[in-house]
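Residue numbers (this note's numbering), protein chains in the order written: chain A, 10 to 229; chain B, 10 to 229.
All residues carry an ideal CB built from backbone N, CA and C; glycine is no exception.
Given the structure is predicted, the values throughout are model-derived calculations rather than measurements.
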């Protein structure tokens, strides 16, 4: 992808429309009102473009996202989101109160370490035939843990009444749950939070259904 | 476990001697010089004490660690470590420079989201017979990504010359790699960092070989 010279200072997101970790970063940029360029990395085509030598230089884990920003390249969505948080003005992704910050990080990590890695493409490819049941098991288990925690912490959003990194993680994970046919109706707090958040512009415009690399038949 | 009254204000770590995520928290407390109490949660005995109703109240994910601190209970080790960082004096786990902070979080998350969850007990139990090969595959893959990143970021420690959260994550992951017979000699930077860090008191005193619940035959 050739970038015109005037774009060089914009962050570049190397991502995939359906990747929940890429979506997290898109939400963060949208919430802060930061313009960015997207370079699609097709995780499926030709065996996966994340495995090219070129992409491996950007992210040796050969996963999306990788973000080029301020002269460095970062992988791991929560590291990217907290870098954006610490270097950009605009609405904060973390509350001021240290206990609430810890709750935001706990909820984020339950999703980012406890659920998503277990239903990641590279894991499911290794599981093979049983991949649907595998993904359902770990999403179900994670949501059974998240629901009582969110009952305690949630206001309008996951922790209190301000959108935080926890919300940035929750919505893409609910999208994955629905893809893998986990019945989200079992989890009324998760369901309510997701519905509320999906009314927010930053979550809508960053949705997998409307990205530059979204295939025509999946666009809405 | 009965706690004498004078201990009530100390943090309580519900953990397991061999759990790498519990070890991360023990290192963080040790680096900050914070006294804490340990309540062992035996992950193996009687099918696993993490599955009791009592423990599920502490951590609905039914994993260790769970930390009771300042009147709240937190799970997810990186959330706990960053809470300690933000509320306690002493050596900092995150550099001042935002780009270096981001690199610390990226390396931490490669381990905490990209490697450890895939060789976690609950995953290996579900894998069954192939669990050794499964764990080796994901640790090998993760270390192949970490090695070139650490070549770029490391000084004496993972990022520059100050011990950070990345080091707190690295050492317990190397311990796991050795448990699962991954040849760490393939990764000279990881090996060198681990050796350097294992000379530091906070890493030594928190080692799985010398915890209150370490079985006699595993003590050194």
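Cβ of residue i within 9 angstroms of Cβ of residue j?
i: residue 228/A; j: residue 85/B; result: no
i: residue 158/A; j: residue 124/A; result: no
i: residue 52/B; j: residue 34/B; result: no
i: residue 83/B; j: residue 163/A; result: no
i: residue 36/A; j: residue 173/A; result: no
i: residue 144/A; j: residue 127/A; result: yes
i: residue 97/B; j: residue 217/B; result: no
i: residue 32/A; j: residue 184/A; result: yes
i: residue 122/B; j: residue 177/B; result: no
i: residue 168/A; j: residue 109/A; result: yes
i: residue 80/B; j: residue 43/B; result: no
i: residue 131/A; j: residue 72/A; result: yes
i: residue 40/A; j: residue 102/A; result: yes
i: residue 171/B; j: residue 198/B; result: no
i: residue 89/B; j: residue 74/B; result: yes
i: residue 148/A; j: residue 191/A; result: yes
i: residue 175/A; j: residue 152/A; result: no
i: residue 222/B; j: residue 49/B; result: yes
i: residue 65/A; j: residue 45/A; result: no
i: residue 141/A; j: residue 189/A; result: yes
i: residue 193/B; j: residue 200/B; result: yes
i: residue 70/B; j: residue 150/A; result: yes
i: residue 77/B; j: residue 87/B; result: no
i: residue 135/B; j: residue 63/A; result: no
Residues bridged to residue i by DSSP?
i: residue 76/A; result: 22/A and 83/A
i: residue 134/A; result: Paired residues: none, contrary to the question.
i: residue 163/B; result: 169/B
Got a sec, what are the start and stop residues for the alpha helix (DSSP H) residue i sits in?
i: residue 193/B; result: Residue 193/B -> no alpha helix (DSSP H), and no H or E assigned at all.
i: residue 210/B; result: 210-214
i: residue 48/A; result: That residue, residue 48/A, is in no alpha helix (DSSP H); its beta strand (DSSP E) goes 46-49.
i: residue 30/B; result: 29-41
i: residue 108/B; result: 107-121
i: residue 58/B; result: Neither: residue 58/B is in no alpha helix (DSSP H) and is coded neither H nor E.
Chain A partners of residue i, CB-CB under 8 angstroms?
i: residue 114/B; result: 85, 87, 88, 91 and 92
i: residue 246/B; result: There is no way to answer for residue 246/B, as the model of chain B reaches only from 10 to 229.
Could you tell me which chain B residues have their CB closer than 7 angstroms to the CB of residue i, listed as they occur along the chain?
i: residue 56/A; result: None at all; the shortest Cβ gap to chain B is about 16 angstroms.
Cβ closer than 7 angstroms: which chain A residues qualify as neighbours of residue i?
i: residue 70/B; result: 119, 123 and 154
Output, in chain order, the set of chain B residues within a Cβ distance shorter than 9 angstroms of residue i.
i: residue 177/A; result: Under the 9 angstroms cutoff, chain B gives no residues; its nearest Cβ is about 14 angstroms from residue 177/A.
i: residue 81/A; result: 108, 111 and 112
According to a CB-to-CB cut-off of less than 8 angstroms, which residues of the stretch 89-111 of chain B neighbour chain A?
89, 91, 92, 95, 96, 107, 108, 110 and 111
Selection of the stretch 194-209 of chain B by Cβ proximity to chain A, strictly under 7 angstroms:
none
Tell me which residues of the stretch 146-166 of chain A have at least one Cβ-Cβ distance to chain B shorter than 9 angstroms, keeping chain order.
146, 147, 150, 151, 153, 154, 155, 156, 157 and 158
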